[in-house]
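Engineer: Handing you this structure, nothing more for now.
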Amino acid sequence: MSFISLILKNLWRQKIRSVLAIAGISLGIATIIALGSIANGMERNLIATLRSGKADFSIGQAHAPMIVLSSVPEARLYEIARWPEVKQAVGALVTFASFPGNPYFLTIGIEPEAFELGGVTLLEGRAFSKYANDEVLLGKIAANTLQVKPGDTVEIDLKRFRVVGIYETGNLLEDGGALLPLRTLQSLKNRPSELTVILVRVHEGVSVEEVMAQVEREYQGSLITLRSAEEFNKNYQSLSLVRAGSWLISLLALVIGGIGVMNTMIMSVFERTREIGILRAVGWRRTRVLQLILGEALSLGMIAAFVGTIMGWGVARLVTLLPQVRGLISPAYAPELFVHALLIALGVGLLGGLYPAYRASQISPQEALRYE
Amino acid sequence: MSEPIVIARDLVKTYENGRTRALDGVSLEISQGEFVAICGPSGSGKSTLLNLIGALDKPDSGELWVAGEDLTQGRGDFADFRARKVGFIFQLHNLIPSLTALENVLIPTLGTSPPAPPRRGTSGPHPALEGTPLPSSQTGEGLGVRAYLPLREAGKRVRSDAQARARELLERVGLGDKAHRRPPELSGGERQRVAVARALVNDPQIVLADEPTGSLDSKNERQVLDLLRELQAERGVTLILVTHDPRVAQRADRVLEIFDGRIVAGAYLLNGS
Ligand SMILES: Nc1ncnc2c1ncn2[C@@H]1O[C@H](COP(=O)(O)OP(=O)(O)OP(=O)(O)O)[C@@H](O)[C@H]1O
Ligand SMILES: [Mg+2]
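Right under this line is the structure:
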C-alpha cells in the first residue's frame, strides 16, 4: 500500500460524501467546459465571418466587445473606397434576426457586387437585386434545415421574404444564415447608414500592411484593421461578454466548490480525530498528516475535473443537436479551456482542503487518544 | 543488566493549568530488554507516565531520557523519535476500520517519505541502499544530484521491504491467513494481535502498551500476554505495560506501582535481584 492508495481508500470509505462533493465540483467544471466550448465555437465562427473571400483585410469598430456589435458609419466606406491604393471596398451589416424557430439567426446585409470579396458562391437560383426589399438568399445549411427551395417564402423579423437562391461560403455560421440586400437589412433593423465591417482589396503591387497602417492612423481610436482570425481574437476576446460570464461562473464554481470540499473535509477530519491521533502516535509527522488531508481534498478536485470535463463535453454535444441552434453552434475545445478547468478543480481542492488539513495536523495525539 | 533505556528524574506533569497534578515527581530507571508493568488505580497517572516515555506529551519539569534522546529538549514534537524508537499498543479502537490487517500493520511505515525509518543500530546509509552501489557516473556524483536516483529506487525497495516485514509479523502473531480481513471481521483478540504487529513493524527498541488486554476475555488476555512476552524475549525489546490488574502485572520482570502521581514501589532495579 502506498501513500496515494491510502488517500484514495480514505475517499472510498465515505463513498456517498465523496460522490456528493465530486458531483458538486463536477457540475461547476461541466458548466465551464460546456459554456466555454460553445462560446469559443461561436466566437470562432463569428470571427471567420466574411473572411473567406478575396478581401485583403477588413475594418471594424475599435473597442467593440464582439464583432457583431461593431458599428462603422457608412461614410467611412466611401472615404476609403476613394483612396488610390484601394481597388475595391465594400460594406456589410452583420446582425441576428428572428426566424421561425430561431431567435438568433445570422443575417448579413450586403450588396451583390460584394459577393466575390465576401467569398459567397451561389449554388442555386440567382442573386437578389440591389434594392429588392422582399428578396433573400439562404445559406446551404439553413435551406437544408428548413427544407426551403428557391421560390418559397420565409419570415424574417415578422416580414415576408421570397427566397431567390441558395449560397455557400464554407463558414458554418454563415451557411446557417441568410443574405439580404444591404439597404433592406439596414431599414429592417432601423440602422440606416451603418455597417459592421468594411472589406478592402488593394491594387496589385501595393503593400497591404501600409494601407492597413494608414487606416489605423487616419481613424485612430475609432477603427481597427484586422487581417486574420487570430487578430480578431486578440481584439475582441478580452472584452467578450460570454468570456466575462465564463469567468464569473468559474469564480462561483471555485467558491461554492471550495466551501463544499471544506465542509466535507472538516467533517471527515472531525470524525477521524482519534484515528489521526494514532497516526501521530505511530510516528507520522504533522506535515505528513497535512499531506494526507490535503491529498484527499486535491484528489476530490482531480476526480471532479475528469468527471466534469466529460459531462461538459457531453452537454456541449447535446446542445449542438437542438434544432433551434443547429448550424449556429459548433463547440470548439481549446486546450486552454481544459487547463482552465483543471486549475479551477485543483484550486477548489486546495482552497477547501487547506484549513481542514491544518486543523488535522494540529491534533494532539495525547488528547485524541483520550477522546472516545 | 544492561544500560538503562529510560531514565526519569522528578517528572512533573499537570493538566488544566496545574489544577490536576497527574505526575508529582516521578523518578525511575528501566533497563534495555526489561518487561516492566506499571500498576495502579484509575487516575493515578499510569497513562500519563507512558505518554511521556513515548513522547506523546512533554513533562512540565524534570529530566527524561529515552533511548538516548532527551525528551525535555528540542522544538520538534518527536514524531521521528516515535516512528523509530517506540511502538504503541492501546486498549481500544486503535485500528483503522476500512483498512485490512496488513494495511493497518503498514501504517507506521507510511509516516515518512521515503517510507520506513532505518533499522535500529544502523547509523550509516539507509538499509535499503545497502547492496545498491551505483557507478558514480550514474548517480551524478559531484553534480549535487547524488541522492536523487537512489532515493527513488529506495522508495520502492523500502516499500516492498516493509510489506515483507508486515507479512512476517502477521504470520508471527498467528494471523497470516487473515491478513486481508478488516478489523470488523476480526475478533477482539485478533485485533489486538494486529496492533502488536503494527507496534513492531518499524523495529522499535521500546514497546509501550496501555492496558492492551483491558477489553479482552481471560483466554484472549492470556494469548496476547504470552505473545508479547515471547516477542519481547525474541527481539530483545523493552516492554512497558500499563495495567490495573495484578494478575497481568505478575507476568512482568518488575512491577512499578504508582499512586496519586507518585511511584510507591519498584522504581529501580535492585542490584542482584
Ligand atoms: N489531557 C488531559 N486533560 C486533563 N486532565 C488529564 C488529561 N490527561 C490526564 N488527565 C488527568 O490526569 C490524571 C491521571 O490520568 P491518567 O490518564 O494518567 O490516569 P490512569 O492511571 O491512566 O487512569 P486509568 O486507569 O483510568 O486509565 C487524571 O486525573 C486525569 O483526569
Ligand atoms: Mg489510563
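Protein chains in written order, with the numbering used here: chain A, 1 to 372; chain B, 373 to 645. Where a beta carbon is used, it is the ideal one built from N, C-alpha and C, also for glycine. It should be emphasised that the depicted structure is a prediction, and the values quoted were computed from it without experimental measurement.
Check whether chain A comes within 7 Å of residue 498(B), counting only Cβ atoms and requiring the distance to be less than that.
Structural biologist: For the purposes of this step, residue 498(B) is identified with residue 126 of the second sequence, where counting begins at 1. Residue confidence for residue 498(B) is low, a pLDDT of 44 falling below 50, so the modelled location carries little weight and cannot support an answer.
Engineer: Cα-Cα, which of 380(B), 463(B) and 417(B) is closest to residue 563(B)?
Structural biologist: For the purposes of this step, residue 563(B) is taken as the residue at position 191 of the second sequence. Of the candidates 380(B), 463(B) and 417(B), the one whose C-alpha sits nearest the C-alpha of residue 563(B) is 463(B).
Engineer: Mind checking residue 370(A): buried by the 16 CB within 10 Å criterion, or exposed?
Structural biologist: The residue labelled residue 370(A) in the question sits at position 370 within the first sequence. Residue 370(A) is exposed by the Cβ-count criterion.
Engineer: When you compare each of 625(B), 572(B), 590(B) and 613(B) to residue 607(B) by their alpha carbons, which one comes out closest?
Structural biologist: Taking the second sequence and counting its residues from 1, one reaches residue 607(B) at position 235. Here the closest residue by C-alpha is 572(B).
Engineer: Can you pull the chain A neighbours of residue 574(B), defined as C-beta to C-beta under 9 Å?
Structural biologist: On the second sequence, residue 574(B) is found 202 positions in, with the first residue counted as 1. Neighbours of residue 574(B) on chain A, chain order: 282 and 283.
Engineer: Relative to ligand 2, is the shortest distance from any of its heavy atoms to the C-beta of residue 419(B) smaller than 6 Å?
Structural biologist: Here residue 419(B) refers to the residue found at position 47 of the second sequence. The answer is yes for residue 419(B).
Engineer: Which class does residue 480(B) belong to by DSSP, given the choice of helix, strand or coil?
Structural biologist: Here residue 480(B) refers to the residue found at position 108 of the second sequence. In the structure shown, residue 480(B) sits in a helix (DSSP, three-state: H, G or I).
Engineer: At a cut-off of 6 Å, is residue 333(A) close to ligand 1 when judged by its beta-carbon and the heavy atoms of the ligand?
Structural biologist: For this step, residue 333(A) is matched to residue 333 along the first sequence. Checking the Cβ of residue 333(A) against ligand 1 gives no.
Engineer: Cβ-heavy atom distance between residue 415(B) and ligand 1 below 6 Å?
Structural biologist: The residue labelled residue 415(B) in the question sits at position 43 within the second sequence. Yes, the Cβ of residue 415(B) comes within 6 Å of a heavy atom of ligand 1.
Engineer: Is the Cβ-Cβ distance between residue 81(A) and residue 224(A) less than 7 Å?
Structural biologist: In the first sequence, residue 81(A) corresponds to position 81, counting from 1. In the first sequence, residue 224(A) corresponds to position 224, counting from 1. Their beta carbons are not under 7 Å apart, which means residue 81(A) does not touch residue 224(A) by this criterion.
Engineer: May I ask you to report which of helix, strand or coil DSSP gives residue 546(B)?
Structural biologist: Residue numbering aside, residue 546(B) sits at position 174 when the second sequence is read from its first letter. DSSP places residue 546(B) in coil when its eight states are reduced to three.
Engineer: Roughly how many angstroms separate the alpha carbons of residue 455(B) and residue 346(A), rounded to a whole number?
Structural biologist: As a first step, residue 455(B) is located in the second sequence; it is residue number 83 there, counting from the start. As a first step, residue 346(A) is located in the first sequence; it is residue number 346 there, counting from the start. Taking the straight line from one Cα to the other gives about 32 Å.
Engineer: For residue 414(B), decide whether its Cβ has a neighbour in chain A, counting only Cβ atoms nearer than 7 Å.
Structural biologist: Working through the second sequence from its first residue, we reach residue 414(B) at position 42. No, no contact with chain A.
Engineer: Between the C-alpha atoms of residue 144(A) and residue 200(A), what's the straight-line distance to the nearest angstrom?
Structural biologist: Within the first sequence, the letter at position 144 stands for residue 144(A). Within the first sequence, the letter at position 200 stands for residue 200(A). The alpha-carbon atoms of residue 144(A) and residue 200(A) are separated by roughly 32 Å.
Engineer: Use the C-beta contact count for residue 619(B): other C-beta atoms within 10 angstroms, 16 or more gives buried, fewer gives exposed.
Structural biologist: Residue numbering aside, residue 619(B) sits at position 247 when the second sequence is read from its first letter. Looking at its Cβ environment, which holds fewer than 16 other Cβ atoms inside 10 Å, residue 619(B) is exposed.
Engineer: Can you look up residue 437(B) in the DSSP assignment and give me helix, strand or coil?
Structural biologist: For the purposes of this step, residue 437(B) is identified with residue 65 of the second sequence, where counting begins at 1. If DSSP states are grouped into helix, strand and coil, residue 437(B) belongs with the strands.
Engineer: Residue 9(A) versus chain B: which residues are under 7 Å apart at the beta carbon?
Structural biologist: Position 9 of the first sequence, counted from the start, is the residue given in the question as residue 9(A). Chain B residues near residue 9(A): 470 and 471.
Engineer: Looking at the secondary structure, which residues open and close the alpha helix (DSSP H) in which residue 361(A) lies?
Structural biologist: The sequence position of residue 361(A) within the first sequence is 361, counting from 1. That run of the alpha helix (DSSP H) goes 335-361.
Engineer: Residues in the segment 423-441 of chain B with C-beta within 9 Å of chain A's C-beta atoms, listed in sequence order?
Structural biologist: Answer in chain order: 423, 426, 428 and 429.
Engineer: List the residues of chain B that residue 365(A) touches, going by C-beta distances under 7 Å, in chain order.
Structural biologist: Locating residue 365(A) in the first sequence gives position 365, where the first residue counts as 1. Here the neighbours are 428.
Engineer: Do residue 309(A) and residue 17(A) count as a contact pair if the criterion is CB distance below 7 Å?
Structural biologist: In the first sequence, counting from the first residue as 1, residue 17(A) sits at position 17. In the first sequence, counting from the first residue as 1, residue 309(A) sits at position 309. Contact flag unset, no.
Engineer: Using a Cβ-Cβ cutoff of less than 6 Å, which residues in the same chain neighbour residue 437(B) once the five nearest sequence positions on both sides are dropped?
Structural biologist: In the second sequence, residue 437(B) corresponds to position 65, counting from 1. Within the same chain, residue 437(B) has close Cβ partners 379.
Engineer: Kindly examine ligand 1 and report whether one of its heavy atoms sits closer than 6 Å to the Cβ of residue 392(B).
Structural biologist: On the second sequence, position 20 is the one that residue 392(B) refers to. Yes, the Cβ of residue 392(B) comes within 6 Å of a heavy atom of ligand 1.
Engineer: At a CB-CB cut-off below 8 Å, which residues of chain B make contact with residue 227(A)?
Structural biologist: Residue numbering aside, residue 227(A) sits at position 227 when the first sequence is read from its first letter. Per Cβ cutoff of 8 Å: no residues; residue 227(A) is ~49 Å from chain B at best.
Engineer: What's the gap between the Cα of residue 599(B) and the Cα of residue 592(B)?
Structural biologist: For this step, residue 599(B) is matched to residue 227 along the second sequence. For this step, residue 592(B) is matched to residue 220 along the second sequence. The straight-line gap from Cα to Cα measures roughly 10 Å.
Engineer: Counting only runs of 3+ residues fully inside the segment 97-179 of chain A, write out the beta strand (DSSP E) ranges in chain order.
Structural biologist: Listed in chain order, the complete beta strand (DSSP E) runs (minimum 3 residues) inside the segment 97-179 of chain A are 102-110, 121-125, 135-139, 153-156 and 159-168.
Engineer: Helix, strand or coil for residue 28(A) per DSSP?
Structural biologist: For the purposes of this step, residue 28(A) is taken as the residue at position 28 of the first sequence. Helix, per DSSP.
Engineer: Compare the C-beta of residue 478(B) with all C-beta atoms of chain A and state if any pair is closer than 7 Å.
Structural biologist: For this step, residue 478(B) is matched to residue 106 along the second sequence. Taking Cβ atoms only, chain A reaches closer than 7 Å to residue 478(B), which makes this a yes.
Engineer: Comparing alpha-carbon positions, which option in 357(A), 306(A), 358(A) and 355(A) lies nearest residue 338(A)?
Structural biologist: Position 338 of the first sequence, counted from the first residue, corresponds to residue 338(A). Minimum Cα distance to residue 338(A) is reached at 306(A).
Engineer: Say yes only if the C-beta of residue 540(B) is nearer than 6 Å to one or more non-hydrogen atoms of ligand 1, and no if none qualify.
Structural biologist: In the second sequence, residue 540(B) corresponds to position 168, counting from 1. False, no ligand heavy atom lies under 6 Å from that Cβ.
Engineer: Can you name the start and end residues of the beta strand (DSSP E) that residue 618(B) belongs to?
Structural biologist: Along the second sequence, one-based indexing puts residue 618(B) at 246. Not the beta strand (DSSP E): residue 618(B) falls in the alpha helix (DSSP H), residues 618-621.
Engineer: Between the alpha carbons of residue 611(B) and residue 342(A), how many angstroms are there, rounded?
Structural biologist: In the second sequence, residue 611(B) corresponds to position 239, counting from 1. In the first sequence, residue 342(A) corresponds to position 342, counting from 1. Distance between the alpha carbons of residue 611(B) and residue 342(A): 51 Å.
Engineer: Let me check one thing: in DSSP terms, what residues is residue 215(A) bridge-paired to?
Structural biologist: Translated into the one-based positions of the first sequence, residue 215(A) becomes position 215. Per DSSP, none; premise fails for residue 215(A).
Engineer: Please report how far the alpha carbon of residue 128(A) lies from the alpha carbon of residue 104(A), in whole angstroms.
Structural biologist: The residue given as residue 128(A) occupies position 128 in the first sequence. The residue given as residue 104(A) occupies position 104 in the first sequence. Cα to Cα, residue 128(A) sits roughly 23 Å from residue 104(A).
Engineer: According to DSSP, simplified to helix, strand and coil, what is residue 496(B)?
Structural biologist: For the purposes of this step, residue 496(B) is taken as residue 124 along the second sequence, with counting starting at 1. Bear in mind that the predicted position of residue 496(B) carries a pLDDT of just 40, short of 50, making it unreliable; the figure below should be weighed with that in mind. Residue 496(B) falls in the coil class under three-state DSSP.
Engineer: I need the DSSP call for residue 506(B), collapsed to helix, strand or coil.
Structural biologist: In the second sequence, the residue the question calls residue 506(B) occupies position 134. Caution is warranted here: a pLDDT of 44 is assigned to residue 506(B), below 50, making its placement in the model unreliable, and the coordinate value is therefore given only provisionally. The answer is coil: DSSP assigns residue 506(B) none of H, G, I, E or B.
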